[in-house]
Amino acid sequence: MAPRSRNAPRRWVTAAFVLTLSSCAPAGLGTGSASPSAPHSEDQVSPGPAVTPPTASATASPGTTARESPSPTTTSSPPGTSTSPTATRPRSEGPSGPHSVTINFSGDLLWHDTLWESARVDGGGSMDFAPQLAALEERVGAADVAICHSEVPFAEAGGPYSDYPMFKAPQEIAPALAGVGWDVCTTASNHSLDAGLAGLARNIEVHRANGILTAGTYASAEDRNTPVVLTTADGVGVAVVSSTYGTNGIPLPEDAPWSVSLMDVEDTLAQAARARSAGADIVVVHMHAGTEYESTPSQQQVAFATALTASEDVDLVIGQHAHVVQPVTRMNGKWVAYGAGNLMAQSGPAQPWTYDGYLATFTFSERADGTFTSTSGEFAPTMITKYRPGSPARVLVVSDALAAANAQDAKLLRESAARTRAIVLSAGVEGLVER
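Residues -27 to -1, 1 to 408 (mature numbering (1 follows the signal peptide of the UniProt record, and there is no 0)) make up the sequence shown, in order.
Structure representation (structure tokens):
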């Protein structure tokens, strides 16, 4: 599929919104070579050596280091409507004949302070995050629907900013996300309430002000009950539903129990059913769950995906949170991508695996009855470069970056891709290829 022009509009439709989105391999790609270390928080930064990247290969695999601390909240999700599936799915409008839709997603966007420093260098004093993400534009822009995961909230304009353990990221990130071509960002995560309810609402506002819808956190009860449905140029409705295992022990506000969607099968299926009723032909469910630095999906992830894929109202399950790549499999005939690693971060623990990730694209084809199915998917390994003075932070698509890489950098890129490939393909499912 030819890349979508960044100036080509896409129409977004929800019950409340009708929006239009207009839509180099640097030297020194080192990501560190230490194997998974003693327990750390998922998001802690290790400064790393300020030297030329190591050339030694790291061969250990991610281990079971530490679960998220503090422990997840147990506050129940807001009650949903009936979970019974809709009787019929609305046939998509648009040109006659069967339709095909591509849906792209990727790993965590986790904005550590060293990424702000790199953005200041790129911006000559002001922050410019676009160069960090520029290598993604062609592949993300080629998808009919592109989904990112904004794990942390934005600070007030101009700051103050903070990273681990309570993130408040610069708002200058948002236009860079829009420039890549993302249509919607999932925002349900363990960091959703890092900046309080005001920060949660600000996060939604800043994304939407830059032409990006959000799913998983909500500024009002009405917002919570409004399905996020994107309509492609061919009239196919794609909905995104997002939830998290918890909020790092921060309870949901008593007067805003709707603010963060917590993982609950019944509630998620109710959201999916509402999305169908709102015109969704395809429903994507995102879960923020798993064990940090553990490439094996947790029991919670597996149980959640199993229950969701058994419903005809759910077509694709994707996930983040572990900060390392996890397998892609199929359940009940549907794709489940447990974890896409980190797309942009500077995480210290479990290097170099926390610098690995992938872009995934699944193609959905219309059946004769107007429903959609996906039997083919592709992934492209990505690798983050470590920021050091004179060496900017970048996320690179490995296969695209190799041609311009020197021998040392090419070695690091190939090692990263090999780690990702081994885990992504470990379930042995057919129809999944590397691009």
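Glycine is no exception: its CB is placed at the ideal position from the N, C-alpha and C atoms.
Beta-carbon contacts of residue i that lie in its chain and below 7 Å, excluding the five residues immediately before and after
i      : result
Leu375 : Ala383, Leu386
Ser349 : Thr336, Gly404
Met304 : Ala278, Thr279, Thr282
Leu170 : Pro226, Ala229, Ser232
Leu82  : Cys121, His122, Ser123, Glu124, Leu316, Met317
Ala103 : Ala149, Gly152
Same chain only: Cβ atoms within 6 Å of residue i, ignoring 5 sequence neighbours per side
i      : result
Gln144 : Phe127, Ala130, Val179
Ala192 : Ala174, Ile177
Arg408 : Glu351, Ala353
Asp136 : His85, Asp86
Ser79  : Ala313, Leu316, Leu332
Ala253 : Val202, Gly210, Ala212
Asp117 : Val74, Thr75, Thr205
Ser399 : Pro300
His259 : Thr159, Ser215, Ile291
Phe140 : Val125, His164, Asp167
Ala142 : Trp84, Val125, Phe127
Pro71  : Glu339
Thr302 : Val309, Ala400, Val402
Val238 : Ala280
Anticipated Cβ contact below 8 Å, residue i with residue j, distance rounded
i           : j      : result
Asp101      : Ala92  : 6 Å
Asp156      : Val125 : With 8 Å as the limit, Asp156 and Val125 do not qualify as a contact, their Cβ atoms being about 20 Å apart.
Val290      : Ala313 : With 8 Å as the limit, Val290 and Ala313 do not qualify as a contact, their Cβ atoms being about 12 Å apart.
Ser372      : Pro325 : Wrong, their Cβ atoms sit about 18 Å apart, outside the cutoff.
Ser268      : Ile396 : 5 Å
Ser215      : Ser234 : 6 Å
Gly154      : Gly114 : 4 Å
Gln293      : His122 : 5 Å
residue 409 : Arg112 : The structure shown does not extend to residue 409, since the chain is modelled only from -27 to 408, so the question has no answer here.
Buried or exposed by the 16-neighbour rule on C-beta atoms within 10 Å, applied to residue i
i           : result
Pro224      : exposed
Arg340      : exposed
Thr346      : exposed
Ser338      : exposed
Pro9        : Model confidence at Pro9 stands at a pLDDT of 32, short of 50, so the residue's coordinates are unreliable; what they give is reported in the following sentence. So Pro9 ends up on the buried side.
Ala406      : The residue asked about is misnamed: residue 406 is Val in this sequence, not Ala. The residue in question, Val406, is exposed, as its Cβ has fewer than 16 Cβ neighbours within 10 Å.
Ala195      : Inspection of the sequence shows that residue 195 is occupied by Glu rather than by Ala. By the 10 Å Cβ count, Glu195 comes out exposed.
Asn77       : buried
Ala377      : exposed
Asp288      : buried
residue 420 : Outside the displayed range of the chain (-27 to 408) lies residue 420, so it cannot be described from this structure.
Pro270      : buried
Pro68       : At Pro68 the pLDDT is 44, less than 50, meaning the model places this residue with poor confidence; the figure from the coordinates comes in the next sentence. Counting Cβ neighbours within 10 Å, Pro68 comes out exposed, since fewer than 16 surround it.
Gln272      : exposed
Glu265      : buried
Asp228      : exposed
Asp329      : buried
Gly321      : buried
Ala182      : exposed
Gly401      : exposed
Ser132      : According to the sequence displayed, residue 132 carries Gly and not Ser. Exposed: under 16 other Cβ atoms inside 10 Å.
Ala276      : exposed
Glu189      : Just to set this straight, residue 189 is Gly in the shown sequence, not Glu. Flag for Gly189 reads buried.
Ala323      : buried
Ala380      : exposed
Thr393      : buried
Sequence-distant residues of the same chain with beta carbon closer than 8 Å to residue i, five excluded per side
i      : result
Asp286 : Pro58, Thr59, Leu242, Ala245, Ala246, Ala248, Arg249, Val256
Tyr360 : Thr87, Leu88, Glu90, Ser91, Gln319, Ala366
Gln105 : Leu88, Ser91, Ala92, Asp95, Ala149, Met317, Pro365, Ala366, Arg367, Val368
Ser99  : Arg93, Glu145
Lys307 : Thr282, Val287, Asp288, Leu289, Val290, Ser347
Opposing strand residues paired with residue i [DSSP bridges]
i      : result
Tyr331 : Pro354
Val214 : Val258
Val297 : For Val297, which the question treats as bridged, DSSP gives no partner whatsoever.
Arg361 : Ser364
Arg303 : Trp308
Ile396 : The partner list for Ile396 (beta bridge, DSSP) is empty, contrary to what the question assumes.
Asp81  : His122, Asn315
Gly208 : DSSP output for Gly208 lists no bridge partner at all.
Thr190 : Val233
Ala142 : Phe127
Leu369 : Met356
Ile76  : Val118, Phe335
is_contact[residue i, chain B] using C-beta, thresh 8 Å
i      : result
Ser284 : No chain B appears in the structure shown, which is made up of a single protein chain.
> How about the segment 279 to 287 and the segment 233 to 243: do they share at least three Cβ pairs that are nearer than 8 Å?
Replying inline: Three or more Cβ pairs drawn from the segment 279 to 287 and the segment 233 to 243 lie within less than 8 Å of each other, which places the two stretches in contact.
>> Whether or not the segment 147 to 162 and the segment 170 to 187 are in contact is what I'm after, with contact meaning three or more pairs of Cβ atoms, one per stretch, closer than 8 Å; do they touch?
In response: Two segments are said to touch when three or more pairs of C-beta atoms, one from each, lie closer than 8 Å; by this definition the segment 170 to 187 touches the segment 147 to 162.
> Counting pairs of beta carbons, one from the segment 144 to 153 and one from the segment 198 to 217, are three or more of them closer than 8 Å?
Replying inline: No, because fewer than three Cβ pairs between the segment 144 to 153 and the segment 198 to 217 fall closer than 8 Å, the two stretches do not touch.
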